[in-house]
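Asker: Here it is: the structure, laid out below.
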Ligand SMILES: [Fe+2]
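Residue numbers (this note's numbering): 256 to 613.
This is the structure:
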């Protein structure tokens, strides 16, 4: 909106320390800047997956700064302490505090703070500087409330409504970045490992029109020795009792034959559940109008294909995917190809439960 980054204040609690109050989390990290630049570039040169990787790095940098700040390893209270010691002891103010870089670093264009809330409430405070913004946000279980403030006078071009609109669209952009990528396929009959992208669709449309369910976990938290609690909980909630892993790559035995088998349109009598650990690939699923939707999965994506839904799989042009497969009870591998699947009880059940569409 303003075409530049500025000093950003995010409050980190120091209440675990005697008389502690807050430390500054300087959330405008280099990693956040690189991510923002990729997301706002004019000609959209950076691909979605690179943007996603930049997003993870920015998040990691933010998390690291937050951990440092709340463990008394921030810089702002330390510098404040030194300045106050000088003042209390009638010592001259060290030159650092008059340096242009320090003044810029203390000019908080964006002052932010979160207050977690169960209730549908908003909290407000003002900007820290004339040409800045105050932004208090309240994360809730499935939404975020936020309030943006600016000064009416001497505001030097700030605009709370415009900022709020940009904030909103940024959150939407980030949501689409972490959601699995999916689209309607074209009818071109050439290499199936190409994209065949006709028209992008969002995840709610995919789920609504197929019954597919999708989740996304941080890729590094999907490996068994470091699994995140939310993945463990999902497995418990859904009763997955068996899991194994498979790598699909040219070195596997009878690779071409296996690809043909994976890519034949088929159904199963049970759900097909796949968590991508590494690599990437395409799951194609038939929607309620029998049109192909293609889901491009990457590390961290978990998808559940309902029993009785026609689908197929193929790796993308990188020819490598490593997935974990989950099962309820004993694993059932048997695919039923089209058209034999049409009369299968799981198919009848699937059609009965899929919502009708116009
Ligand atoms: Fe399958």
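No residue lacks a Cβ here, since even glycine has one placed at the ideal position from N, Cα and C.
Are residue 404 and residue 263 closer than 8 Å when you measure CB to CB?
Answerer: No, the Cβ-Cβ distance between residue 404 and residue 263 is not below 8 Å.
Asker: Whose C-alpha, out of 274, 265, 319, 266, is nearest the C-alpha of residue 286?
Answerer: The shortest Cα separation from residue 286 among 274, 265, 319, 266 belongs to 319.
Asker: Buried or exposed: which applies to residue 464, given that a residue is buried once 16 or more other Cβ atoms fall within 10 Å of its Cβ?
Answerer: It is buried - the Cβ of residue 464 has at least 16 other Cβ atoms within 10 Å.
Asker: For residue 605, count the other beta carbons within 10 Å of its own beta carbon; 16 or more makes it buried, fewer makes it exposed. Which is it?
Answerer: Residue 605 should be labelled buried.
Asker: Among all the DSSP beta bridges, which residues are the ones paired with residue 402?
Answerer: In DSSP, residue 402 forms a bridge with 391.
Asker: Around ligand 1, what residues have a beta-carbon under 7 Å from a heavy atom of it, in chain order?
Answerer: Matched residues: 521, 523, 527, 560, 566, 568, 590.
Asker: Can you name, in chain order, every residue of its own chain whose Cβ lies under 8 Å from the Cβ of residue 483, other than the five neighbours on each side?
Answerer: 472, 473, 476, 477, listed in sequence order.
Asker: Thinking residue 378 and residue 391 are a contact (beta carbons under 8 Å), I'd like their distance in whole angstroms, please.
Answerer: With a Cβ gap of about 5 Å, residue 378 and residue 391 count as contacting.
Asker: Using a Cβ distance threshold of 8 Å, determine whether the region 345 to 358 contacts the region 494 to 512, with at least three qualifying pairs required.
Answerer: No contact exists between the region 345 to 358 and the region 494 to 512.
Asker: Could you tell me whether the region 571 to 586 touches the region 521 to 533, where touching means 3 or more Cβ pairs closer than 8 Å?
Answerer: Yes: at least three Cβ pairs fall under 8 Å.
Asker: Runs of 3 residues minimum, wholly inside the region 288 to 355: which ones carry the beta strand (DSSP E) assignment?
Answerer: Counting only runs of 3 or more, we get nothing.
Asker: Can you list, in chain order, the stretches of the beta strand (DSSP E) that have 3 or more residues and sit fully within the region 520 to 592?
Answerer: Runs of the beta strand (DSSP E) inside the region 520 to 592: 527 to 534, 536 to 541, 547 to 552, 556 to 560, 566 to 570, 576 to 582.
Asker: With a 10 Å radius around its C-beta and 16 neighbouring C-beta atoms as the bar for buried, classify residue 588 as buried or exposed.
Answerer: Answer is exposed; the Cβ neighbour count stays below 16.
Asker: If distances are taken between C-alpha atoms only, which option among 470, 516, 584 comes closest to residue 496?
Answerer: When each option's Cα is compared against that of residue 496, the closest is 584.
Asker: Using a Cβ-Cβ cutoff of less than 8 Å, which residues in the same chain neighbour residue 592 once the five nearest sequence positions on both sides are dropped?
Answerer: Excluding residues within five positions, the ones whose Cβ falls inside 8 Å are 519, 520, 521.
Asker: For the beta strand (DSSP E) that residue 499 lies in, which residues bound it at each end?
Answerer: Residue 499 -> beta strand (DSSP E) spans 497 to 503.
Asker: Can you list the beta strand (DSSP E) stretches of 3 or more residues lying completely in the region 445 to 471, in chain order?
Answerer: Here the runs fully enclosed are 452 to 456, 468 to 471.
Asker: Which residues does DSSP pair with residue 271 in a beta bridge?
Answerer: Partner(s): none; residue 271 has no beta bridge.
Asker: Along the chain, where does the beta strand (DSSP E) that runs through residue 368 open and close?
Answerer: Start and end: 363 to 369.
Asker: Hey, quick one: how far does the beta strand (DSSP E) through residue 436 stretch, first residue to last?
Answerer: From DSSP, the beta strand (DSSP E) with residue 436 extends over 436 to 440.
Asker: According to the neighbour-count rule (16 or more other Cβ atoms, all chains shown, within 10 Å of its Cβ), is residue 613 buried or exposed?
Answerer: Model confidence at residue 613 stands at a pLDDT of 48, short of 50, so the residue's coordinates are unreliable; what they give is reported in the following sentence. Per the 10 Å Cβ criterion, exposed.
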